[in-house]
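Residues 1 to 339, numbered by full-length UniProt numbering, are exactly what the sequence shown covers, in order.
The beta carbon of each residue, even a glycine, is placed where N, CA and C say it ideally should be.
Source: prediction; values computed, not measured.
For reference, the structure is listed below as structure tokens.
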Amino acid sequence: MTIHTEFATSNLVSVEPGAIREDTPPGSVIQYSDYELDYSTEFAGGAAWIEGEYVPASEARISIFDTGFGHSDLTYTVAHVWHGNIFRLGDHLDRLLDGARKLRLDPGMSKEELADITKRCVALSGLRESFVNLTVTRGYGKRKGEKDLSKLNHQVYIYAIPYLWAFPPEEQIFGTTAIVPRHVRRAGRNTVDPTIKNYQWGDLTAASFEAKDRGARTAILLDADNCVAEGPGFNVVIVKDGKLFSPSRNALPGITRKTVFEIADAIGIEATLCDVTSRELYDADELMAVTTAGGVTPIVSLDGEAFGDGRPGPITVAIRDRFWALMDEPSPLIEAIDY
Ligand code: PLP
């Protein structure tokens, strides 16, 4: 088993610049498509949609005056493409549009139009495995630096690039390490609404630095009531006595967690959203971090000590393997990209 002790602080790990895939554990459930990327267009390897136009990812630029940048006044989602299939795009768009509605942001187009542009970005990129970001911002006005909310033109930005991993395949297979931060708590839902996916990452970034300082890969943040919230880019699911539990508050309603709960249901495992106290976290039988950018990753070490027997637990492994199997099985969850 490999447990890393040296980590970059960023919570997202990309494949090497210019590469479209990375090594994954041989024989594991996580395998990239075996294909050659067609580099005959400038979009190959990454495409974006900005201000109504498709542009190569290398040329993607937005205005410095966008309040999405200045005030983090936005919502976004990250979907993924695996083996040429986009996963749960409809659910991602529903969450994005729900967040936009709560923030009074108007993307100015329908769910279907957003879906079409998203799939076109992926098709242009040619990528069979892709990290796909859709962001709606409050945008900018005619006057430079305009802050009058009624005078801003809302913007939609969409891009498809090579996979970025919150947990690279090796960690998903062999497990990863986490701490519970001592110095920072997750913002409360009465401060930043966690059901709206957002970039207000001050607490999550501080937690990532603390994790690095303490020799761990990532962090599980508690809220002000000592209940588990979430981590930098993932939901937390615990296993206790053969059942799954995940925080019902101060956490994003993750699409991966939803999938994990559906898988659990299908294999006869009870799964409940409820408060998860810090004591219940430490008393759990298994821990997993679940996210689009990291599938279902077993956490095998907490606060520098082996969690359980220090190996991925059987329920986590069963759910992880089923999760990746879903990427190929014909079902309403996936849609083939028309390259
Ligand atoms: N929580 C936070 C704060 C996130 O940023 C993410 C994903 O980026 C998640 C949870 C997991 O959500 P999903 O499974 O929809 O990717």
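For the beta strand (DSSP E) that contains F87, what are its first and last residues? Along the sequence shown, one-based indexing puts residue 87 at 87. From DSSP, the beta strand (DSSP E) with F87 extends over 85–87.
What are the boundary residues of the beta strand (DSSP E) that Y282 is part of? Counting from one through the sequence shown, the residue named residue 282 turns up at place 282. First-last for Y282: 278–283, but that is the alpha helix (DSSP H), not the beta strand (DSSP E).
When DSSP builds the beta bridges, which residues end up paired with Q31? As a first step, residue 31 is located in the sequence shown; it is residue number 31 there, counting from the start. BP columns for Q31 are empty, so no partner.
Can the beta-carbon of A289 be found less than 9 Å from the beta-carbon of N226? Residue 289 sits at position 289 when you count from the first residue of the sequence shown. Residue 226 sits at position 226 when you count from the first residue of the sequence shown. No, the Cβ-Cβ distance between A289 and N226 is not below 9 Å.
So what's H80 in DSSP terms, helix, strand or just coil? Reading the sequence shown from its first residue, position 80 is the one you call residue 80. DSSP, reduced to helix, strand and coil, places H80 within a strand of the structure shown.
Is the Cβ-Cβ distance between S301 and L222 less than 9 Å? The sequence position of residue 301 within the sequence shown is 301, counting from 1. The sequence position of residue 222 within the sequence shown is 222, counting from 1. No, Cβ-Cβ distance for S301 and L222 is not below 9 Å.
Would you grab the beta carbon distance between E270 and K240 for me? Rounded to a whole angstrom, and I think it's under 8 Å. For this step, residue 270 is matched to residue 270 along the sequence shown. For this step, residue 240 is matched to residue 240 along the sequence shown. Their Cβ separation, rounded to whole angstroms, is 11 Å, which puts E270 and K240 out of contact at 8 Å.
Cα-Cα separation, I3 to E280: Numbered from its first residue, the sequence shown carries residue 3 at position 3. Numbered from its first residue, the sequence shown carries residue 280 at position 280. Confidence at I3 is low in this model, with a pLDDT of 44, below 50, so the placement of that residue should be treated as unreliable; the coordinate-derived value is given next. If you draw a straight line from the Cα of I3 to the Cα of E280, it comes to about 24 Å.
Is the separation between the beta-carbon of P25 and that of F174 shorter than 9 Å? For the purposes of this step, residue 25 is taken as residue 25 along the sequence shown, with counting starting at 1. For the purposes of this step, residue 174 is taken as residue 174 along the sequence shown, with counting starting at 1. Closer than 9 Å, so yes.
Are the region 126–140 and the region 151–164 touching by the rule of at least three beta carbon pairs closer than 8 Å? Contact holds: three or more Cβ-Cβ distances are below 8 Å.
Short of 8 Å in beta carbon distance, which residues of its chain neighbour L12, apart from the five on each side in sequence? Order them along the chain. As a working note, residue 12 is residue 12 in the sequence shown. For L12, where only same-chain residues beyond five positions count, the Cβ hits under 8 Å are L164, W165, A166, G233, A293.
Sorry if obvious, but does the Cβ on K197 come closer than 8 Å to a heavy atom of the ligand PLP? Counted from its first residue, the sequence shown places residue 197 at position 197. Annotation for K197 indicates a beta carbon within 8 Å of some heavy atom of the ligand PLP.
Note down, in chain order, each residue of its chain lying with its Cβ closer than 7 Å to the Cβ of C274, except the 5 sequence neighbours on either side. In the sequence shown, the residue the question calls residue 274 occupies position 274. In its chain, beyond the 5 residues on either side, F245, S248 have a beta carbon closer than 7 Å to the beta carbon of C274.
Which complete beta strand (DSSP E) runs does the region 217–249 hold, if anything under 3 residues is left out? DSSP runs (the beta strand (DSSP E)) wholly in the region 217–249: 235–240, 243–247.
Going by C-alpha to C-alpha distance, which of D321, N198, K119, K144 sits closest to I334? As a position in the sequence shown, residue 334 is number 334, starting the count at 1. Of D321, N198, K119, K144, the residue nearest in Cα terms is K119.
Bridge partners - E305, DSSP secondary structure assignment: By 1-based counting over the sequence shown, the position of residue 305 is 305. According to DSSP, E305 bridges with L302.
Three-state secondary structure assigned by DSSP to E171: As a position in the sequence shown, residue 171 is number 171, starting the count at 1. In the three-state DSSP reduction, E171 falls in the helix class (H, G or I).
Keeping to the same chain, check which residues put their C-beta closer than 7 Å to that of W324; ignore five residues upstream and five downstream. The residue given as residue 324 occupies position 324 in the sequence shown. The residues are V29, I30, G295.
6 Å CB neighbourhood of I263 in its chain, flanking five on each side removed: As a working mapping, residue 263 is identified with position 263 in the sequence shown. When the five nearest sequence neighbours on each side are left out, the beta carbons in the same chain lying within less than 6 Å of the beta carbon of I263 are those of I319, R322, in order along the chain.
According to DSSP, simplified to helix, strand and coil, what is G294? By 1-based counting over the sequence shown, the position of residue 294 is 294. In the three-state DSSP reduction, G294 falls in the coil class, being neither helix nor strand.
Taking the alpha carbon of N250 as the point to measure from, which residue in N190, P181, R95 has its own alpha carbon closest? Within the sequence shown, residue 250 is the residue found at index 250, counting from 1. Minimum Cα distance to N250 is reached at N190.
E22 versus S14: straight-line alpha-carbon distance, rounded: Working through the sequence shown from its first residue, we reach residue 22 at position 22. Working through the sequence shown from its first residue, we reach residue 14 at position 14. Straight through space, the alpha carbons of S14 and E22 are spaced by roughly 9 Å.
Taking 9 Å as the cut-off, decide whether the C-beta atoms of L105 and L74 are in contact. Taking the sequence shown and counting its residues from 1, the one referred to as residue 105 is at position 105. Taking the sequence shown and counting its residues from 1, the one referred to as residue 74 is at position 74. Cβ distance < 9 Å, so L105 and L74 count as in contact.
Is the closest heavy atom of the ligand PLP to the C-beta of L302 under 8 Å? Within the sequence shown, the letter at position 302 stands for residue 302. No, Cβ of L302 sits at least 8 Å from all heavy atoms of the ligand PLP.
Taking all protein chains shown into account, do 16 or more other C-beta atoms lie within 10 angstroms of the C-beta of T272, making it buried, or fewer, making it exposed? Residue mapping note: residue 272 aligns to position 272 of the sequence shown, counting from 1. Exposed, since its Cβ has fewer than 16 Cβ neighbours within 10 Å.
Helix, strand or coil: how does DSSP classify I269 here? Numbered from its first residue, the sequence shown carries residue 269 at position 269. I269: coil per DSSP, three-state reduction.
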